[in-house]
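A.B. asks: Got a structure for you, written out below as structure tokens; questions coming shortly.
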Amino acid sequence: MSFEPRIVGILCNWCSYTGADLAGTSRMKYAPNVRVVRVMCSGRMDPTLVLKAFQEGADGVLLAGCHIGDCHYISGNLKTLRRIPLLKRVLVELGIEPERLRLEWVSASEGARYQGVVNEFVEQIRSLGPLDLEARRLPATASAS
Amino acid sequence: MDVATPFIEVANAIVEAGGKDLNLCYQCATCTGSCPWGYVEPLNIRQLIHLAQLGLEGYESEDLWKCTTCGTCKTRCPRGVGIIDLVRSIRMMIGETGLIPLTLRSALGSVRGDGNPWNGSRVERNRWAGPLQVPIFDKARTEYLLYGCCMASYDVRSRKIVEAAVRVLRAAGVTFGVMGQGEECCAESVRKIGEESLFERVAGSNIELFKAQGVEKIIVLSPHCYDAFKNDYPALGGKFQVVHIVEKIASLLLLDKLRLERPVKAKVTYHDPCYLGRHNNLFDPPRMILSKIPGLEFEEMYRARELSLCCGGGGGRMWMETKFGQRFSDLRIPEALAVGANVLATSCPYCVNMLQDSRLNLNKEEAIEVKDLTELVAESLV
Amino acid sequence: MANAKLKVGMYWAASCGGCDVALLDIHEKILDVVAVADLVFWPCAMDFKVHHVEAMPDKHIDVCFISGAVRNSENEHMVKLLRRKSKVLCAFGSCAHIGGIPGLANFWDRQSIFQTVYHASPSTENPKGTVPVERFKVAEGELTLPHLYDTVKTLGQTIDVDYFLPGCPPNPDQIAAVIGVIAAGKAPAKGSVVGASERAMCEECPRKKTELKFKSFKRRHLTHPDPEVCFMEQGIVCVGAATRSGCGWRCIGSNMPCRGCYGPLPSVHDQGAKMLSAIAACIDADTPDDVERILDTMPDPAGTFYRFGLPASMLRRRQRGQDGREAR
Amino acid sequence: MASKIGVYVCHCGMNIAGTVDVPAVIEAAKAMPRVALSKEYKFACSDPGQEMIKQDIKAHGLDAIVVAACSPLMHEKTFRRAVEAAGLNPFLLSIANIREQGSWVTEDPAKATEKAKAIVAGAVFRAARQEPLEMRSVEIHRAALVVGGGIAGIQAALDLADSGIPTTLVERQPSIGGYMAMFDKTFPTLDCSACILTPKMTAVGQHENIKLMAYSEVESVSGFVGNFQVRIRRKAAYVDHTKCNGCGMCMEKCPYKAPSEFDQGLSQRRAIYVPFAQAVPNKPVIDPATCVRFKGKKCKTCIKFCEPGAIDFEQKDSVEEVTVGSIVVATGFQPMDAKKIPQLAYGRHPEVYTALEFERLNNAAGPTQGKILTKDGRVPQSVAILNCTGSRDTNYHEYCSRVCCMYALKYAHLIKEKLHEATVFDFYIDMRCFGKGYEEFYRRLQDEGVRFIRGKAAQVFGGKEYKAIANAAGFIDGLEDHQLVVQAEDSLLGKLIRVPVDMVVLTPAVEARADADEVGRKFLVSRGADGFFLEQHPKLAPVSTTNDGVYIAGACQGPKDIPDSVAQGSAAAGKALGLIARREVEVEGTTASVVDELCSGCKCCLTLCAYNAISFDADRHRSSINEVLCKGCGTCVASCPSSAIKAKHFTDEQIFAEIEGLMSM
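Chains as they are written, first to last, in the numbering used here: chain V, 3 to 147; chain B, 110 to 491; chain L, 92 to 419; chain G, 8 to 672.
Below is the structure:
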């Protein structure tokens, strides 16, 4: 059986989640591989959430928020615009292809764009292959904090 | 009145060949209204685009070869249509059917065989460097590669420009060398003619050669080479720091590494080359340089900076016959004279050639000279 | 009183020995310790052999401290043995707690480390290409070496640990206090971090801080930081804000930024990710290009944010993939 | 943690059940941890559907509910109400969006079912960790602020004041009136602009409920919906307006002049001036850049002629603070600088005018008393009006400015009306005449003989320049040096057209004001990619913003004409009024809060909050969040290096659980 990527999508409530809904109400078909978590703002997109998704077995993580300048919370997306490049640099060192994490800006009216982003990202992850995180094969961590 | 049926497959083919913005055009006609052909024999680029949008016969008209890729329409287009890319892609489609104008075929053949469009021999390339004692580029000893353009190697008038450039760079203590064997045409015009595969072959060979020699920084004399190296080569893996001689001179002046002390008694006006100005936004450095030459009086023409009139030599037109009365450069000489200039300066070997021709054809040898900016700078060295 | 004394052990796994020195560093308080405790095993300081431990009945040791991460088969064997022999087992120091400096090996693997150490490093002089082997026959018999693991683990990832005493090394005052508490039978809940605060370094740090904004990142050794002002405000990455306090701000007091040895705060899942997030959000740039430009001034972000805690972090190590896939 | 979760999977008719195998999802849900009950229903949002959930909560003691149906943006509120009615806190509901992001976007039933299971698992895991939250209410201050005294702001202020709400109107210029005060006529009705605007301006000046603060600017805004504290700086006018009787003697006698801003520099005003005759307030101000006393000279002319002794050179800026419940921002637009388009020759040739210049030139109260004359006093025989100057143009502004087509027609009419012999050319791309009476106006202008050329004007040459560059092919018979040549392709003919004219009028794009960014930050209003203020919803909340209690009206939100600006002014006033009438307002409970025991006072969060909701208590060395100001975006939560800030309803644990659930299938 061919590899079906499992992707966690974290979308902001006002633009990207609404945009994803619009793709739905417009009956646009796209790859079913992205499972979505809704947060209020892309500013909430803590790198820890990305690591959590990888830890739980995600092959890729898609983050999407309002376009720069259009943030529902004025500037939350700017904080994530700054965080993700640094997180990607760290991911490289952690042996995870930075392409497995994608940050996109999708507005509430861009259902078609959401469709395109998802399809493209799924194909990209498909070509990268499964992440198969080693931590998932190591013994569990006893409480250490 | 003709009857037509849209042939959308053709339109799609043009988009696929690189004319990606074709469908964005909303037919405002800014392009046709801005085109320099309007001064001589209007070229209806707007209509060609609309024909192409519907895949209708006529988009492949002879007129297509008139485009000099001067960029006036492209920079003004309110929809951001890459009109030059569009022209390229249509030319490419025509090229596949072999319907390229004869003179262009000869130039392309020369690029294919000799690595230059002038039917010059390969051994002649960069031979000018010998008498000037310009060394072969060596990354340990020379900072810059001086890329003289095919013009410097195969055109007598252009050789004076490279000589001036060598004097100026030496005076400022810049270390530079020329490529020994194997260098070829930048192929900028080849690409604009629509010969994408030849362009990729020639550019690829240059990139490989430059990389092998450890070239990082290139000084160019022609805005066409500049544009190719800067905007086209990176996509093929050739990422070099490219400076046009005008940029280099301007920065040398700013850093006080170059002193212009000998007065140049002349009333000068400046012709912005399309590929330096509109294509690459270098409008200020030439004017800054002119302001630093002592004794020189400067006057702008009406069509200056973004409004500059194309000399007619771009987009492959260098190798095509332009009927008398249709040469843009013939319009430029009187315009320069009208502002009282006795020197028409520019900074492109194509422009120098075209304008020089017009000066002779119009019998204005006494009234005005055509000079490259680098030559004026060299004159001002003590 | 003699028979009421605590039987205490101290062992080092993948450790530099600094923790053992720290234990000695409690100075005259060692007398208090000796008053309440008998040292039954401390190979760093006294002559004990493994068979001494093997001979002990299970749960013989009242409190056993183990420093160091678990990096090879010997470490693993010993800590499992000591777990069996101990009533209370306390991870001692950063390496046992969160992996520590040896944990940085998780950015690599066994093979690449061997390659560097025995072949490739500029100071390696090994013309015959000699490498250690785990079993080697000599006239006297067979010599063995422990097997080096690909992945460094914390103590808690290897055995059941009762308490964690963080620090590289732990603050001597905190050591004494912790021993006192355990000796007094007032032990906290199992699994607790002891000898450290629930709040970050900034709680204690005396430096002034007004507003965070990174226009570029600076390296400590290339600057002369103002000792009165927060390092971060001076563009120097300090991970104190994501690190438990309790160390007595020894680094900060010596004008060195905090490197994070006391480990993550109680509700933090990944110390490196949280610090990364806090710092990146304050980068003074609003376009991807500008952000990248500023990030270019930060060398080795992964090593900076996971200097001590990589094995205890969410992803625990660099991924290699089953087919040796490597990220760029 | 919840331990008895009820899961309800909705068929939504065939919308979900047509693609998703609902019974399979029900079965999968039963196996999920802490699920006590798992049911399907045809239309969960229907009354019986809701009733079933209510009954189950009571009958089975369910402590969390998962509804797998449409998007939470659709029916979360519906189900929250249902859950609440059954005595469960509404925040213990979790929605699994298996329609918009499941059945509708997936063709393959097997894959759609698999995805639905995962989404349900995410919601179940999350629901187990959700916590009850409360909504809170805040009292609303019965007063309003309107910022900007153009027609939109005037309308908003009058509507609010007429409803009995004490309203402060702040205007930056010495007089209210905005651009509309500069116009002569308005399209398409051709009413006299001053005749319809002046009474409204006077009404503002005299209204007992309006406090007019002209020559003033909002300095800062703090507080939150219902309780905004606004600091307003009144600029020093150097005239005591309580003493000034508006006689105008000072302006008559003042010997120093500067170009009149109101007349677009086409006339001169004095150093002490009112911008125009009908100004409100009609009290002069002294421009310190022109008055020589500010350059150390000793002129006393105005002091000498001021009978009431109102001139006061010692006057300083003063700052006032007002408290209001709601704010209407109506700060307007600015015309684009036409010099940015070099080929149109504006600034290079004296006879190329901007629209506003032409408005003044044509205005009976303007520099030529309404005579349309060239700068050297000639009556133009031909005028070209060029549409889309920087609008519908990705080089400048991609959007359509919406008013230019119509005022271009208005100009054409006014020229034809005043200069019967003149030829008017209008260069256009498309004529956009969408409003009431607009298309009719277009027809009327065609009837009046305006020459329409379909093609955007590509180039404008001065006559003298043109003669210097034109060759035989471009020769224009009888072209005079002072004339202009407009060049365009008439796309309907496919011919290049060159028209010699005496005057060119440009229609510069309506653009966001240069300080829109700063103003937006002051009022916490976001801006769109076009630079204009962003409404909360482009269709359904056109005058609301994402900052509760702050509304926008007029051209600060996007290009619009007078009727639309007035309509928005009234709409914004209505919204502001509606808010005030509620007396108190509910605030969402999904805010962030600092867990005091974990905060180390590292200050990393302080600069992150766009709403200034985080403050630092220096004595306690802790951060704290004002939950009334907090909008719950979670930016600080993601950044707290100690994880000491908790986002209610979006905690790390809840999101972690959701991810675990999503990936468990």
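We put the beta carbon where it would ideally sit given N, CA and C, even for glycine.
Let me know the secondary structure DSSP gives G/Lys-192 once reduced to three states.
C.D. replies: strand
A.B. asks: So G/Leu-636 packs on G/Phe-231, CB below 8 Å; how close in whole Å?
C.D. replies: With a Cβ gap of about 5 Å, G/Leu-636 and G/Phe-231 count as contacting.
A.B. asks: Does the stretch 568 to 582 of chain G come close enough to the stretch 155 to 173 of chain G to have 3 or more Cβ pairs within less than 8 Å?
C.D. replies: Result yes; three or more Cβ-Cβ pairs closer than 8 Å.
A.B. asks: Quick one: which chain V residues come within Cβ less than 8 Å of G/Leu-541?
C.D. replies: Asp-72
A.B. asks: How is G/Tyr-406 classed by DSSP in three states: helix, strand or coil?
C.D. replies: coil
A.B. asks: Is the separation between the beta-carbon of G/Glu-107 and that of V/Gly-21 shorter than 8 Å?
C.D. replies: no
A.B. asks: So the candidates are B/Leu-211, B/Leu-152, B/Gln-290; which of them puts its Cα closest to the Cα of B/Glu-317?
C.D. replies: B/Gln-290
A.B. asks: On the DSSP bridge assignment, give the partners of G/Glu-496 in chain order.
C.D. replies: The partner list for G/Glu-496 (beta bridge, DSSP) reads G/Leu-503.
A.B. asks: Does DSSP classify L/Glu-165 as helix, strand or coil?
C.D. replies: helix
A.B. asks: How would you write the range of the beta strand (DSSP E) that G/Gln-466 sits in, first residue to last?
C.D. replies: Per DSSP, G/Gln-466 belongs to the beta strand (DSSP E) from 466 to 469.
A.B. asks: To which residues does DSSP link L/Ala-97 through a beta bridge?
C.D. replies: Checking the sequence shown, residue 97 of chain L turns out to be Leu, not Ala. L/Leu-97 is bridged to L/Ala-128.
A.B. asks: Nearest-angstrom Cα distance between G/Asp-70 and L/Tyr-240?
C.D. replies: 47 Å
A.B. asks: Quick one: using the 10 Å Cβ neighbour count with 16 as the cut-off for buried, is V/Ser-147 buried or exposed?
C.D. replies: Confidence in V/Ser-147 is poor, its pLDDT being 38 and thus under 50, which makes the residue's placement too unreliable to answer from.
A.B. asks: Kindly indicate which residue of G/Ala-43, G/Ile-60, G/Arg-41 has the alpha-carbon position closest to the one of G/Phe-50.
C.D. replies: G/Ile-60
A.B. asks: Can you give me the C-alpha to C-alpha distance between L/Pro-279 and L/Asp-153, rounded to a whole angstrom?
C.D. replies: 15 Å
A.B. asks: According to DSSP, G/Met-220 sits in a beta bridge with which residue or residues?
C.D. replies: G/Val-177
A.B. asks: Would you kindly work out how many angstroms separate the C-alpha atoms of L/Asp-317 and G/Ala-151, rounded to a whole number?
C.D. replies: 48 Å
A.B. asks: Please report whether the beta-carbon of V/Gly-97 lies at a distance below 8 Å from any beta-carbon of chain L.
C.D. replies: yes
A.B. asks: Should L/Phe-227 go down as buried or exposed, given a rule of 16 or more other Cβ atoms within 10 Å for buried?
C.D. replies: exposed
A.B. asks: Could you list the residues in the stretch 228 to 257 of chain L with a C-beta less than 7 Å from some C-beta on chain V, going in chain order?
C.D. replies: Thr-242, Thr-245, Gly-247, Gln-248, Asp-251, Val-252, Phe-255
A.B. asks: Report back the beta-carbon spacing between L/Arg-311 and L/Ile-327 to the nearest angstrom; my notes put them in contact at under 8 Å.
C.D. replies: About 5 Å separates the Cβ atoms of L/Arg-311 and L/Ile-327, confirming a contact at the 8 Å cut-off.
A.B. asks: For B/Asp-194, which residues in the same chain have their Cβ closer than 8 Å to its Cβ, ignoring the five residues on either side in sequence?
C.D. replies: Gly-127, Gly-128, Lys-129, Asp-130
A.B. asks: For B/Ile-442, which of helix, strand or coil comes out of DSSP?
C.D. replies: helix
A.B. asks: Run down chain V in chain order and give the residues with a C-beta less than 8 Å from the C-beta of G/Val-232.
C.D. replies: Those do not exist, as G/Val-232 stays about 15 Å from chain V at its closest Cβ, beyond 8 Å.
A.B. asks: Name the chain L residues that come within less than 8 Å of V/Phe-123, Cβ to Cβ?
C.D. replies: Contacts between V/Phe-123 and chain L, judged by CB atoms closer than 8 Å, are missing: the closest CB pair is about 17 Å apart.
A.B. asks: Using alpha carbons as the reference points, say which of V/Leu-135, V/Glu-58, V/Leu-130 lies closest to V/Leu-96.
C.D. replies: V/Leu-135
A.B. asks: Helix, strand or coil for G/Gly-230, going by three-state DSSP, please let me know.
C.D. replies: strand
A.B. asks: Under 8 Å: do the stretch 280 to 297 of chain B and the stretch 237 to 255 of chain B share three or more Cβ pairs, one atom per stretch?
C.D. replies: yes
A.B. asks: Using only the alpha-carbon positions, how far apart do B/Gly-204 and B/Ala-296 sit?
C.D. replies: Going by the C-alpha atoms only, they are around 16 Å apart.
A.B. asks: Report the three-state DSSP secondary structure of G/Arg-149 (helix, strand or coil).
C.D. replies: coil
A.B. asks: Look up V/Ile-9 in the DSSP assignment and give the residues it is bridged to.
C.D. replies: V/Val-36, V/Gly-62
A.B. asks: Use the C-beta contact count for L/Gly-109: other C-beta atoms within 10 angstroms, 16 or more gives buried, fewer gives exposed.
C.D. replies: buried
A.B. asks: 8 Å is my cut-off, CB to CB: does G/Gly-639 come that close to chain L?
C.D. replies: So, not an interface residue.
A.B. asks: Taking just the CA atoms, how far does G/Ile-504 sit from B/Gly-425?
C.D. replies: B/Gly-425 and G/Ile-504 have their C-alpha atoms some 28 Å from each other.
A.B. asks: Within a Cβ cutoff of 7 Å, which residues of the same chain sit near B/Ile-192, ignoring the five residues on either side of it in sequence?
C.D. replies: Cys-140, Ile-154, Cys-182, Lys-183, Cys-186
A.B. asks: Does the pairing of the stretch 372 to 389 of chain B with the stretch 342 to 349 of chain B give three or more beta-carbon distances under 8 Å?
C.D. replies: no
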